[in-house]
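Asker: The working numbering puts the first residue of the sequence shown at 8, with every later residue one more than the last. By construction, the Cβ of each residue, glycine as well, lies at the ideal position given by its N, Cα and C atoms. A quick note: this is a predicted structure, and the numbers were derived from the prediction, not measured. Take this structure, written in structure tokens, and hold onto it; I'll ask about it next.
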Amino acid sequence: MRKLLAVAAAGTAFAVLLGAASPALATGVAVSGGKAVQQQVDRLTKQDGMAGAVLSVRDRDGRTTTWTSGTAQRGTGRPMVGGDGRFRAASVTKPVIATAVMRLVDGGKLDLDEQVEHYLPGSLHGARVTVRQLLKHTSGLPEYFDLVDWTKPAIPADHLALALTRPMVGEPGERWFYSNTNYLVAGMLIQKVTGKDFREVTEDGVLKGLPGTYWPKNGELGIRDRHAHTYGINPASPRSGETDTTRLPGYAFGAGGGLISTPEDLNRFWQSIPEVTLRTMLADPVPASDPKGSRYGLGLYTYQLSCGPAWMHDGGLPGTRVLSGRNRAGKAATVYVTGTPKGDEHLFATLDAALCRPSR
Numbered sequence: 008m009r010k011l012l013a014v015a016a017a018g019t020a021f022a023v024l025l026g027a028a029s030p031a032l033a034t035g036v037a038v039s040g041g042k043a044v045q046q047q048v049d050r051l052t053k054q055d056g057m058a059g060a061v062l063s064v065r066d067r068d069g070r071t072t073t074w075t076s077g078t079a080q081r082g083t084g085r086p087m088v089g090g091d092g093r094f095r096a097a098s099v100t101k102p103v104i105a106t107a108v109m110r111l112v113d114g115g116k117l118d119l120d121e122q123v124e125h126y127l128p129g130s131l132h133g134a135r136v137t138v139r140q141l142l143k144h145t146s147g148l149p150e151y152f153d154l155v156d157w158t159k160p161a162i163p164a165d166h167l168a169l170a171l172t173r174p175m176v177g178e179p180g181e182r183w184f185y186s187n188t189n190y191l192v193a194g195m196l197i198q199k200v201t202g203k204d205f206r207e208v209t210e211d212g213v214l215k216g217l218p219g220t221y222w223p224k225n226g227e228l229g230i231r232d233r234h235a236h237t238y239g240i241n242p243a244s245p246r247s248g249e250t251d252t253t254r255l256p257g258y259a260f261g262a263g264g265g266l267i268s269t270p271e272d273l274n275r276f277w278q279s280i281p282e283v284t285l286r287t288m289l290a291d292p293v294p295a296s297d298p299k300g301s302r303y304g305l306g307l308y309t310y311q312l313s314c315g316p317a318w319m320h321d322g323g324l325p326g327t328r329v330l331s332g333r334n335r336a337g338k339a340a341t342v343y344v345t346g347t348p349k350g351d352e353h354l355f356a357t358l359d360a361a362l363c364r365p366s367r
């Protein structure tokens, strides 16, 4: 599921990815064991070379267990932050936006099978794309991310205009093609039918009650409060190798990848999606190209674990890689690393251990 975001900065296009301690606990939660899970988390730092790794699991009854490995900042000896440490959720933002759209569908403000241009006339140059196709990545809309100069201010309509300088990658509904443009437009739809920015709509809705989650303000580059430093390729100087990439223009990443959250909050989010909404989001998924055998619904993947299906999303930005989701029993897990992994095999193995093995 290695859909890398493409960033253009200072005129340079750049493809980007969207240590050992005992299990840490959420405040007031007692738990023990999980050695097999800890071994998976340790492998992410000791074998894969990531600076830090965090895995947080929330059982259906609300019991939370967190495992960490590595350091929060290279050269300092600081232990890796726990499940309440903030990080850039990257494309795990997309299930949040999809769930917000579903709330508007339930409220009669949007129709999944209505064309986008019914709400945003002329926005797609006449392409007959439906709301459902946006959320499912079957719209045929081309990618915009690698065309943006992230050093310059812009609004979503500007980014959409960049995308539409490219030809459609297929007819609407023809095939699955992962494009951040779909969720750029979804954010514009939310604003059109509510009169409010998608950030405000989600804060008042699907993100309510998640204390560590927020949208960065325009021009805000850092991450608030407790967080780990991230290490990746700086898009402004890709030849410099891996550097500290903690400060990024998160506001500009928007509805496709701008959210900042915590593993504990994301787990609560997955468990908060109403079952009737989840069934609609999972209905009639389409085959996705990566990982093998996965299928994509409305803002989330169905991915087969050793113990059955998981419903999840991945994400990546320079220096951060994240997997987050839940299983059929309602157990939720989020794992992220700080660094640039060469592959996702060990990340998926960690998610499998989290959702398929006992936490105690």
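Closer than 7 angstroms by C-beta to Ile280: which residues in its own chain qualify, once you throw out the five before and the five after it? Chain order, please.
Answerer: Within the sequence shown, the letter at position 273 stands for residue 280. Around Ile280: Thr106.
Asker: From Thr188 to Thr357, what distance separates their C-alpha atoms?
Answerer: Walking along the sequence shown from the start, residue 188 turns up at place 181. Walking along the sequence shown from the start, residue 357 turns up at place 350. The alpha-carbon atoms of Thr188 and Thr357 are separated by roughly 30 angstroms.
Asker: Using C-beta distances below 6 angstroms, list every residue in its chain close to Thr284, excluding the 5 sequence neighbours before and after it, in chain order.
Answerer: Here residue 284 corresponds to residue number 277 of the sequence shown, with the count starting at 1. For Thr284, where only same-chain residues beyond five positions count, the Cβ hits under 6 angstroms are Met109.
Asker: Thr52 to Val344, Cα distance in whole Å?
Answerer: Against the sequence shown, residue 52 aligns to sequence position 45. Against the sequence shown, residue 344 aligns to sequence position 337. About 8 angstroms.
Asker: From the DSSP output, read off the bridge partner residues of Phe94.
Answerer: Counted from its first residue, the sequence shown places residue 94 at position 87. Per DSSP, Ser268.
Asker: For Ala360, which residues from the same chain have a beta carbon less than 7 angstroms from its beta carbon, with the 5 sequence-adjacent residues on both sides left out?
Answerer: Mapped onto the sequence shown, residue 360 falls at position 353. Here the set comprises Ala43, Val44 and Gln47.
Asker: In terms of residues, what are the limits of the beta strand (DSSP E) holding Tyr310?
Answerer: Residue numbering aside, residue 310 sits at position 303 when the sequence shown is read from its first letter. Tyr310 -> beta strand (DSSP E) spans Tyr308 to Leu312.
Asker: Quick one: residues in its chain with C-beta nearer than 7 angstroms to the C-beta of Cys363, no 5 flanking neighbours on either side, listed in chain order?
Answerer: Counted from its first residue, the sequence shown places residue 363 at position 356. Only Leu312, Ser313 and Cys314 meet the Cβ criterion.
Asker: Is the CB-CB distance between Glu227 and Gly257 below 8 angstroms?
Answerer: The residue labelled residue 227 in the question sits at position 220 within the sequence shown. The residue labelled residue 257 in the question sits at position 250 within the sequence shown. Result yes, Cβ atoms of Glu227 and Gly257 sit closer than 8 angstroms.
Asker: At the level of alpha carbons, what is the spacing between Pro223 and Gly264?
Answerer: Residue numbering aside, residue 223 sits at position 216 when the sequence shown is read from its first letter. Residue numbering aside, residue 264 sits at position 257 when the sequence shown is read from its first letter. If I take the Cα positions, the gap works out to 11 angstroms.
Asker: When you compare each of Thr75, Thr327 and Val61 to Gly350 by their alpha carbons, which one comes out closest?
Answerer: Position 343 of the sequence shown, counting from 1, holds the residue named residue 350. Minimum Cα distance to Gly350 is reached at Thr327.
Asker: Look at Thr78 and Gly84 and say whether their C-beta atoms are less than 8 angstroms apart.
Answerer: Here the question's residue 78 lines up with position 71 in the sequence shown. Here the question's residue 84 lines up with position 77 in the sequence shown. In contact: Thr78 and Gly84 (Cβ atoms closer than 8 angstroms).
Asker: Using the Cβ count rule (16 or more neighbours within 10 Å means buried), how would you classify Ser39?
Answerer: The residue you call residue 39 lines up with position 32 of the sequence shown. Low confidence applies here, because Ser39 scores a pLDDT of 37, under 50, leaving its location unreliable; read the following figure in that light. Ser39 is exposed by the Cβ-count criterion.
Asker: State the Cα-Cα distance for the pair Gln140 and Gly82, rounded to the nearest angstrom.
Answerer: The residue given as residue 140 occupies position 133 in the sequence shown. The residue given as residue 82 occupies position 75 in the sequence shown. So the alpha carbons of these two residues sit roughly 46 angstroms apart.
Asker: Considering only C-alpha positions, which residue in the set Gly216, Asp211, Glu181 and Thr237 is nearest to Ile197?
Answerer: By one-based count along the sequence shown, residue 197 stands at place 190. If we check each option's Cα against that of Ile197, Asp211 comes out closest.
Asker: Is DSSP giving Ile240 helix, strand or coil here?
Answerer: In the sequence shown, the residue the question calls residue 240 occupies position 233. Strand.
Asker: State the Cα-Cα distance for the pair Leu62 and Lys338, rounded to the nearest angstrom.
Answerer: For the purposes of this step, residue 62 is identified with residue 55 of the sequence shown, where counting begins at 1. For the purposes of this step, residue 338 is identified with residue 331 of the sequence shown, where counting begins at 1. Cα-Cα distance, rounded: 13 angstroms.
Asker: Could you give the DSSP three-state label for Asp156: helix, strand or coil?
Answerer: Counting from one through the sequence shown, the residue named residue 156 turns up at place 149. Asp156: strand per DSSP, three-state reduction.
Asker: Residues in the same chain with beta-carbon distance under 8 angstroms from Asp120, minus the five sequence neighbours each way, listed in chain order, please.
Answerer: Position 113 of the sequence shown, counted from the start, is the residue given in the question as residue 120. Taken in chain order, the residues that qualify are Thr137, Val138 and Arg139.
Asker: Please classify Ser29: is it buried, with 16 or more other beta-carbons within 10 angstroms of its beta-carbon, or exposed?
Answerer: As a working note, residue 29 is residue 22 in the sequence shown. At Ser29, the pLDDT of 34 sits below 50, so the modelled position is not reliable; the number obtained from the coordinates is stated separately. With fewer than 16 other Cβ atoms within 10 Å, it is exposed.
Asker: Could you say which of His234, Ser331, Arg335 and Gly147 lies nearest to Arg286 if we only look at CA atoms?
Answerer: Stepping through the sequence shown from its first residue, residue 286 is reached at position 279. Nearest C-alpha to Arg286: Arg335.
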